[in-house]
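Here's the structure, in structure tokens; my notes come after.
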Amino acid sequence: MKVLPISLLSLLLAATALVSLSLGKYPLAPGEVAGFLGHRLFGWGTFDAERLQLLENLVMEIRLPRIMAAALIGAALAVSGAAYQALFVNPLVSPGILGVLAGASLGAALGLVFLKTWYGVQAATFLGGFAAVGLAMGIARLCRVNSTVMLVLGGIISGAFFSALVAIVKYVSDPYNQLPAIVYWLMGNMAMADQGMTLKAGIPILVGIACLMLMARHLNVLSMGDEEARALGVNVEAVRLTVIVCATLISTLTVVLAGIIGWVGLIIPHITRMITGPDNETLLPATALAGASYLLLVDDISRLAFTFEIPIGIVTALIGIPFFVLVLKNARKGWL
Amino acid sequence: MLRTLILTLLFAISCLGSAQGREIIDMTGRRVTVPDTIRRVFTGSPPATYMLYALDPSLLVGVNFTIPAEDRRFLRPEFTRLPVAGGVFGQGRNINLEALLALKPDVVLMWAWKDGGAGNKLAERLHKSGIATVFLDLDSLENYPKAFTFLGDLLGRREQSRKLADYARDTLRTVAAATAGIPEQERVAVYYAEGTDGLATERETSVHAEVIRLAGGRNVHRGAALDHAGMEKINLEQVLLYNPQVIVAQERIFRDSVAHDKRWQSIRAVRNRQVWLVPRTPFNWFDRPPSFMRLLGLKWFTNRLYPKRYPINMAKETRQFYRLFLGVELGDRDLRKILQP
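In order, the protein sequence lines correspond to chains A and B.
Quick note on our numbering: the first sequence kicks off at 10 and runs consecutively.
Quick note on our numbering: the second sequence kicks off at 139 and runs consecutively.
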């Protein structure tokens, strides 16, 4: 593990988070936010009670949970993308490859049409993500070919199937009450992230990310190919299953928190790999930090650019794609 | 036997006669030739469909989308039995032209959007199939009295249309009179919360927020509407800045969650428990679709905003409205459920 890039990226994340905390539609001077944080953490300075109440609400209830959610989601998507790219030995793989995002979308859409409470929607989203990945693995197993190619094909089938089901749900939903809710949710929406939700989804996301990082050494071996990995004494099936379960857990939780946010899981691992090289032991933590910083930045733009809020899924694509093309053009290192 | 034959012949002759038709000028100033007697009508969007329902449901040949099961008992059965044929209202099912022709409408009624696009194209294709399209101007609630009168004349339902037009005119007039003298600083600041997160809204001139304006409320999201679609996403901190006195919410999920969502607590409306959920049975009282239900919505909203200036008995008003416009009688339990959703 290289220490330098990771400490630099940690600093970047901390700086982005602090800057984001002082940005918002409600005009607060950065100095005041800093003063409030000092007061809150160390008891420095004094504030009058009403102002303190307002700052508490704005900084601790509104901005902080959203910043934490953005960072968690960015990290989760980037890490699961990087892990999948190593697992499938394929640079074009993103977290959605096994259909998890399509499955979670279906869960969310069904939840919005039939369940009508947030807990119901979130539970349905979570189950939908796992159902789609389960279907992909089932298809791969059914064909009795134990290769990653079969798994990818299973994922494509499962993803297409669940996307079609989402279209059906949209079609039969009430055009005035339910359809807009589904459409907006599938564009990505950070506004629902409150304190309780961020904590509840955040802990399993952190556990999943940690678990994937522990698999980094095995992933290095796996990216040489299944045969070689077996020869080196790695239990390929067990590693693969662990990685898939962890990646599914964290990417489906991102949908639970904020709807569908694309592109992060494909672009960020690539960009990070160009900085750190392909060793997963460095790449996975580095890409988590980079993904978190990137999504924070994108969310700032989505919050502040206009009088209205741009759905974050749109911004990740609009900003990510040209950036990605530029980086690819200047890339010298191979992807592995 | 002979009698049947003669009757059939007579009917055929009358049909031939009606095929020649008469020329009318529709609400957008187009000259259209329509059959003399119109018996079968299809409508391109829900607001027009509901107007036809209020006028005479037996004229309709289809509806635009499936009526949700829980709303069916507040509508007359001849309406809920109609086939779903789609519509041109920017969402939901598109019209299948062949399915529409199979319903054999005498005329198709369409709400003329300012940017007409899809409607004009459909009208052109229907014209080639020999079906006249009549455009209605429903862009503002203030056009409804005129629109009801126009429809009554067109379809030969003058008695009912006069009642509906009078009701609409009367409602608009009394509400305007009651709210006219309110000084600017006494106008209630209203935030219109759409979407499950309550963070989509409309600007003050938007057709979707018309009830707030007509009821004398001050829509906190100022400015001219950006587009027809609406549902502009805004930031929670922006709502905090607006600090509205009343939040009028479209989604139950939002209304239920906002009461214990800490982020919203410093807003006046939430602190004082002034988050009102819009009644939506059987059609929304406020918007989406923007239908004649807004007349009752306007009474409801004005009464809640300014109970002293506009004192009415909402239960009585609701019963009367459902009888006149929807043709149903409300029981006490239904009434409670509708008024306190």
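Cβ atoms here follow ideal geometry from the backbone N, Cα and C, with glycine treated the same way.
Quick caveat: nothing in here was measured; it's all calculated off a predicted structure.
Is residue i buried or exposed, if buried means 16 or more other CB atoms sit within 10 Å of its CB?
i, result
"B:Thr171", "exposed"
"B:Ile205", "buried"
"B:Asn410", "exposed"
"B:Tyr188", "buried"
"B:Arg211", "exposed"
"A:Gln187", "buried"
"B:Tyr380", "buried"
"A:Ala117", "buried"
"B:Ser267", "exposed"
"A:Ser16", "exposed"
"B:Gly368", "buried"
"B:Ser183", "buried"
"B:Gln376", "buried"
"A:Ile177", "exposed"
"A:Trp53", "exposed"
"A:Pro36", "exposed"
"B:Ile163", "exposed"
"A:Pro39", "exposed"
"A:Leu13", "exposed"
"A:Ile212", "exposed"
"A:Cys255", "buried"
"A:Gly234", "exposed"
"B:Glu332", "buried"
"B:Arg474", "exposed"
Would you say residue i lies against chain B (beta-carbon separation less than 8 Å)?
i, result
"A:Thr263", "no"
"A:Glu318", "yes"
"A:Thr207", "no"
"A:Asp235", "no"
"A:Gln131", "no"
"A:Arg49", "no"
"A:Thr126", "yes"
"A:Tyr185", "yes"
"A:Gly33", "yes"
"A:Pro14", "no"
"A:Pro189", "yes"
"A:Leu67", "yes"
"A:Ala200", "yes"
Quick check on DSSP: helix, strand or coil for residue i?
i, result
"B:Phe439", "helix"
"B:Ala270", "strand"
"A:Arg60", "helix"
"A:Phe315", "coil"
"B:Phe180", "strand"
"B:Tyr329", "strand"
"A:Ala80", "helix"
"A:Lys34", "coil"
"A:Lys338", "helix"
"A:Val248", "helix"
"B:Lys242", "coil"
How far does the alpha helix (DSSP H) with residue i in it reach, from first residue to last?
i, result
"B:Phe286", "282-293"
"A:Trp53", "Taken as a continuous stretch (DSSP letters only), A:Trp53 belongs to no alpha helix (DSSP H), as it is neither H nor E."
"A:His279", "273-285"
"A:Pro189", "188-195"
"A:His227", "225-231"
Considering residue i, what are the terminal residues of the beta strand (DSSP E) in which it resides?
i, result
"B:Leu415", "413-415"
"A:Phe139", "No beta strand (DSSP E) contains A:Phe139, which is instead part of the alpha helix (DSSP H) from 127-151."
"B:Leu276", "Premise fails: B:Leu276 is in no beta strand (DSSP E) and is neither H nor E."
"B:Val246", "245-249"
"B:Ile163", "160-163"
"B:Thr171", "169-172"
"B:Ile385", "384-387"
Any beta carbon from chain A within less than 8 Å of residue i's own beta carbon?
i, result
"B:Met431", "no"
"B:Asp335", "yes"
"B:Ile372", "yes"
"B:Gln376", "yes"
"B:Leu379", "yes"
"B:Ile391", "yes"
"B:Ser404", "yes"
Using a C-beta cutoff of 8 Å, does residue i count as contacting chain D?
i, result
"B:Met248", "Although the question refers to chain D, the structure presented lacks it and instead comprises the protein chains A and B."
Self-check item: Cβ contact check for the region 291-309 of chain B and the region 181-195 of chain B: 3 or more pairs under 8 Å
Solution: yes
Quiz item: Are the region 85-102 of chain A and the region 290-302 of chain A touching by the rule of at least three beta carbon pairs closer than 8 Å?
Solution: With a cut-off of 8 Å, the region 290-302 of chain A and the region 85-102 of chain A count as touching, because enough Cβ pairs lie within range.
Exercise. Decide yes or no for the touch test of the region 120-128 of chain A against the region 225-232 of chain A: beta carbon pairs closer than 8 Å, at least 3 of them.
Key: no
Quiz item: If you pair each beta-carbon of the region 281-291 of chain A with each one of the region 302-320 of chain A, do three or more pairs fall below 8 Å?
Solution: no
Quiz item: Any contact of the region 280-294 of chain B with the region 415-426 of chain B, i.e. 3+ C-beta pairs under 8 Å?
Solution: no
Self-check item: the region 241-254 of chain A / the region 53-65 of chain A touching (three or more Cβ pairs under 8 Å)
Solution: no
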